[in-house]
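Peer 1: A single structure is presented below for examination.
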Amino acid sequence: RHIIAIAFLAGVVEAFYGPAHESLYPHLVERKALVSAVALDSSLWQGNRIIAPAIAGVIIATAGTAAAFFVAGIGFITMAIVLSTLKVPPIPRTQGTSAARDLLNGFRFLKNNSIVAFLIGMTFFNSFFGLAYIMLLPIFTVDVLGVDADRQGLLMAVGGLGALKTTLWLGSRSSTGGKGMLLIGGAVTYGLALAAFALTSEYVGNYWLAFALIYVMGVTNSAYMISVMSSLQMLIPDHMRGRVMGLFGMTWSFMPLGGTQASAVANFIGAPFAIAIGGFLVSAFAIGPALINRQVRNLGTLLLRGEQASVTSD
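Using this note's numbering, you'd call the opening residue of the sequence shown number 20 and step up by one each time.
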């Protein structure tokens, strides 16, 4: 029971930390550096995705599971101390509103801003459909590809390596140029690569082909999700940032539910087809709005104007 309680409290804390974390970027760096800031921050997570499991394995092997959690706790405490020393410019706060009203205002903002709603929708589709394969990966490695659990770790690692490569590349860029194409193209390619991974695992059964496709998935997923995050930072006004980024953070909580729905669908049509459908849906959502919404098609131009306006005001 205490583990469930701790997990619940961790989720509550994350619900506050996530939106606050995302809302700080524009107050710490210039708008023209937002892409680099978001990418470099993401590179830390992607790097940990590769390194942390190996470190945890060594700690567990030498000192036990409890020691690994203890070291992780020390890391969070250290980060909290570092954050407490951060100098943030004064941020205006809205007075006399409730959390429910703030949430409602966030939905109203999305209703009146189709491009921001599209970006939030991209995150939802990524969490609910695009990342559902992670929960079914053991089935792919053992039952579909016919390899042992060690090879599963390699698949996860190469996905993280691809994502890390993309974040480092985006972190070195100094402009938002080409962001629209990177976002749409990355999402479409990721969805198709995910579907190809699922279907070739079923009909070809080649581990190294799956290995290569997972790498492509890591590269493209990182490209379009970093583009989503940095685009939101450019487009959302300061007085709405916390509310909208709160909704953005909520979309990530759908990832476990996405895994659940994929598992349910897999019971009827098999895991490869369940994952392939998710990949096609991610691609379709990226293409559909781009075809019918001019603002989505002109996202790159819109972001470039925002960047130029911020430079002019500076």
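Idealized CB from N, CA, C, for every residue including glycine.
Apart from the five residues on each side of it in sequence, which residues of its chain come closer than 6 angstroms, Cβ to Cβ, to Ala242?
Peer 2: Thr185, Leu201, Gly205
Peer 1: Hey, would you say Asn124 sits closer than 8 angstroms to Arg262, going by beta carbons?
Peer 2: yes
Peer 1: Under the assumption that Ile158 contacts Ala290 (Cβ atoms under 8 angstroms), give the Cβ distance between them as a whole number of angstroms.
Peer 2: Going by Cβ atoms, the distance from Ile158 to Ala290 rounds to 5 angstroms, so yes, they are a contact pair.
Peer 1: At what residues does the alpha helix (DSSP H) containing Thr97 begin and finish?
Peer 2: That run of the alpha helix (DSSP H) goes 84 to 103.
Peer 1: Output the distance between the C-alpha atoms of Leu232 and Ala119, rounded to the nearest integer angstrom.
Peer 2: 43 angstroms
Peer 1: Touch check for the region 171 to 182 and the region 234 to 250: three-plus C-beta pairs under 8 angstroms?
Peer 2: Yes: the two stretches touch, three or more of their Cβ pairs being nearer than 8 angstroms.
Peer 1: In its own chain, which residues sit with a C-beta less than 6 angstroms from the C-beta of Thr208, not counting the 5 before and 5 after it?
Peer 2: Thr239
Peer 1: Residues in its own chain within less than 8 angstroms of Leu129 by CB, not counting five upstream and five downstream?
Peer 2: Val135, Ala136, Ile139, Val263, Leu266
Peer 1: Roughly how many angstroms separate the alpha carbons of Ser272 and Tyr222, rounded to a whole number?
Peer 2: 32 angstroms
Peer 1: Rounded to the nearest angstrom, how far is the Cβ of Val284 from that of Ala293, given a contact under 8 angstroms?
Peer 2: Sure, about 4 angstroms apart at Cβ, within 8 angstroms.
Peer 1: Kindly give me the distance between the Cβ atoms of Gly92 and Gly149, rounded to whole angstroms, as I take these residues to be in contact under 8 angstroms.
Peer 2: No, Gly92 and Gly149 are not in contact; Cβ-Cβ is about 31 angstroms, not under 8 angstroms.
Peer 1: Measure the CB-CB distance between Leu228 and Gly297 and report whether it falls below 8 angstroms.
Peer 2: no
Peer 1: Should Ala86 and Ile74 be called a contact, given that it needs their Cβ atoms to be closer than 8 angstroms?
Peer 2: With contacts defined by Cβ atoms closer than 8 angstroms, Ala86 and Ile74 do not form a contacting pair.
Peer 1: Cβ of Leu164 within 8 angstroms of Cβ of Gly224?
Peer 2: yes
Peer 1: Please go through the same chain and pick out, in chain order, the residues whose beta-carbon is closer than 6 angstroms to the beta-carbon of Val107, but skip the five residues on each side of it.
Peer 2: Close CB contacts of Val107 within its chain, under the 6 angstroms cut and outside five residues either way in sequence, are with His46 (chain order).
Peer 1: Pick out whichever of Tyr36, Asn67, Gly178 has its Cα sitting closest to the Cα of Ala99.
Peer 2: Tyr36
Peer 1: Assuming Thr279 and Phe143 form a contact by the criterion Cβ under 8 angstroms, report the distance between their Cβ atoms to the nearest whole angstrom.
Peer 2: In fact, because the Cβ distance is near 15 angstroms, the residues do not count as touching under 8 angstroms.
Peer 1: Tell me whether Ile255 sits in a helix, a strand or coil according to DSSP, three-state version.
Peer 2: coil
Peer 1: Thinking Ser249 and Val57 are a contact (beta carbons under 8 angstroms), I'd like their distance in whole angstroms, please.
Peer 2: At roughly 4 angstroms, the Cβ-Cβ gap stays under 8 angstroms, so Ser249 and Val57 are in contact.
Peer 1: Please report how far the alpha carbon of Thr160 lies from the alpha carbon of Ser103, in whole angstroms.
Peer 2: 43 angstroms
Peer 1: Hey, would you say Leu59 sits closer than 8 angstroms to Lys198, going by beta carbons?
Peer 2: no
Peer 1: Met141 and Ala305 look like a contact to me (Cβ under 8 angstroms); what is the Cβ gap, rounded to whole Å?
Peer 2: 7 angstroms
Peer 1: Identify whether Leu123 lies in helix, strand or coil by the three-state DSSP scheme.
Peer 2: helix
Peer 1: Which of the three DSSP states is assigned to Ser55 in this structure?
Peer 2: helix
Peer 1: Which residue marks the beginning of the alpha helix (DSSP H) containing Asn225, and which one marks its end?
Peer 2: Run containing Asn225: none; DSSP gives neither H nor E here.
Peer 1: Please say whether Met175 and Ser282 have beta carbons closer to each other than 8 angstroms?
Peer 2: no
Peer 1: In angstroms with no decimal places, state the Cα-to-Cα distance between Glu33 and Ile203.
Peer 2: 29 angstroms
Peer 1: Under a three-way DSSP split, which group does Asp60 fall into?
Peer 2: helix
Peer 1: What do you get for Phe27, buried or exposed, if any count of 16 or more other CB atoms within 10 angstroms of its CB means buried?
Peer 2: exposed
Peer 1: Since Leu189 contacts Ile245 with CB under 8 angstroms, what's their CB separation in whole angstroms?
Peer 2: 5 angstroms
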